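**Q** Below are the structure tokens for one structure; questions will follow.
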Amino acid sequence: MKSIKTFKKHFPVKKYGQNFLINKEIIKNIVKKINPNIEQTLVEIGPGLAALTEPISQLLKELIVIEIDCNLLYFLKKQPFYSKLIVFCQDALNFNYTNLFYKKNKLIRIFGNLPYNISTSLIIFLFQHIRVIQDMNFMLQKEVAARLIALPGNKYYGRLSIISQYYCDIKILLNVAPEDFWPIPRVHSIFVNLTPHHNSPYFVYDINILSLITNKAFQNRRKILRHSLKNLFSETTLLNLDINPRLRAENISVFQYCQLANYLYKKNYTKKN
Ligand code: SAM
0 MKSIKTFKKH
10 FPVKKYGQNF
20 LINKEIIKNI
30 VKKINPNIEQ
40 TLVEIGPGLA
50 ALTEPISQLL
60 KELIVIEIDC
70 NLLYFLKKQP
80 FYSKLIVFCQ
90 DALNFNYTNL
100 FYKKNKLIRI
110 FGNLPYNIST
120 SLIIFLFQHI
130 RVIQDMNFML
140 QKEVAARLIA
150 LPGNKYYGRL
160 SIISQYYCDI
170 KILLNVAPED
180 FWPIPRVHSI
190 FVNLTPHHNS
200 PYFVYDINIL
210 SLITNKAFQN
220 RRKILRHSLK
230 NLFSETTLLN
240 LDINPRLRAE
250 NISVFQYCQL
260 ANYLYKKNYT
270 KKN
């Protein structure tokens, strides 16, 4: 395992959210939680200085890594485990995960200590590839993790909670302190697992309609639905769907948002046909 001196040789690039994991116990725990199996296809986002790459590649025949900072490749190339890596020096937000699935013919497992500035957009982007993903294990800023798991009525409940819970079962795995990273970030972190539902409790005909409705509803989370959704649903429709028009966006469950999305889908579908 690398010493702190190794870390300090690389000047961390702030715009890439480079806060490297340095606590060996936490790294060990993360590897245990990910529990890689030699038969699986694993993809790491942002290997950085290989805190997770090294121990995980040792458990696999090969490990796919996506790193935006090509300067880090000089470091990776010198490591004994480099021959096990398939390196993509590119933005993880442009990577085609579905193509990788077709190449490997196996569902993919994605993990990483994510740069905080892209974590939310990356998770939403990955939902577009959900059909080829076995699971995702990510280190996130504590507040982002809180938004993923928040239930109606919670102050963190919002669009990210709804879309994430629509697609995945989400579990908090570890709490990680700022001192476990170098440089020390200003935020606390949480390591989470997102596993696509095997038997989903939710269904929508069109995910874009769900997105449209939650967007409108949460534009002003304190507005009651009768007002925020007035251009999409009449008060009578809300009542017919058993949804109290006086409730606010933050009080509506994922299931109820799905009901609203499907109502709209069917209404437009009936109109067109
Ligand atoms: N995995 C290392 C660790 O745990 O110490 C580094 C984690 S560091 C928080 C985030 C890593 O993601 C950095 O190596 C950074 O260069 C990389 N990164 C940042 N933005 C990225 C992007 N859009 N696509 C791929 N990698 C990115």
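Residues 0 to 272, numbered by this note's numbering, are exactly what the sequence shown covers, in order.
Just so you know, even glycine gets a beta-carbon here, dropped at the ideal spot from N, CA and C.
The structure displayed is predicted, hence computed values, not measured ones.
Between which residues of its own chain and I245 is the CB-CB distance below 7 Å, once the five residues before and five after are set aside?
**A** A small correction: the amino acid at residue 245 is Arg; Ile does not occupy that position in the sequence shown. These residues qualify, in order along the chain: I223, R225.
**Q** Taking the alpha carbon of H196 as the point to measure from, which residue in L75, S163, N239, I171 has its own alpha carbon closest?
**A** Closest option to H196, Cα to Cα, is S163.
**Q** Using a Cβ-Cβ cut-off of 6 Å (strictly less than) and excluding sequence neighbours within five positions of K8, which residues of its own chain qualify?
**A** Nothing listed; no residue qualifies.
**Q** Verify whether the separation of the beta carbon atoms of T194 and A248 is less than 9 Å.
**A** The answer is no: Cβ separation not under 9 Å.
**Q** Closer than 7 Å by C-beta to F94: which residues in its own chain qualify, once you throw out the five before and the five after it? Chain order, please.
**A** I65, F87, listed in sequence order.
**Q** For F190, which three-state DSSP category applies?
**A** It is a strand residue.
**Q** Which residues in the same chain as L238 place their Cβ atom closer than 7 Å to its Cβ, once the five residues preceding and following it in sequence are excluded?
**A** Only P244 meet the Cβ criterion.
**Q** Which whole runs of the alpha helix (DSSP H) in the region 28-110 are 4 residues long or more, in chain order?
**A** Within the region 28-110, the complete alpha helix (DSSP H) runs of at least 4 residues are 52-56, 71-76, 96-103.
**Q** Among L209, D241, L51, I169, whose alpha-carbon lies nearest the alpha-carbon of K265?
**A** Residue L209 is the option with its Cα nearest to K265.
**Q** Residues in the same chain with beta-carbon distance under 6 Å from Q255, minus the five sequence neighbours each way, listed in chain order, please.
**A** Within the same chain, Q255 has close Cβ partners I242.
**Q** Suppose you measure from the CA of F124 to the CA of T97; what does that come to, to the nearest Å?
**A** Rounded to whole angstroms, F124 to T97 spans 12 Å at the Cα level.
**Q** Do you know offhand how far M0's Cα is from A50's?
**A** Residue placement at M0 is flagged as unreliable, the pLDDT there being 47, under the threshold of 50; the coordinate-derived value follows with that caveat. For M0 and A50, the distance between alpha carbons rounds to 8 Å.
**Q** Touching or not, the region 118-133 and the region 56-63, by the rule of three or more beta carbon pairs under 8 Å?
**A** Flag = no, the region 118-133 and the region 56-63 do not touch.
**Q** The ligand SAM and M277: does any heavy atom of the ligand fall closer than 8 Å to the residue's C-beta?
**A** The structure shown does not extend to residue 277, since the chain spans only 0 to 272, so no value can be given for it.
**Q** Would you list the one or two residues that DSSP bridges to L139?
**A** DSSP, once it has assigned bridges, lists I189 as partnering L139.
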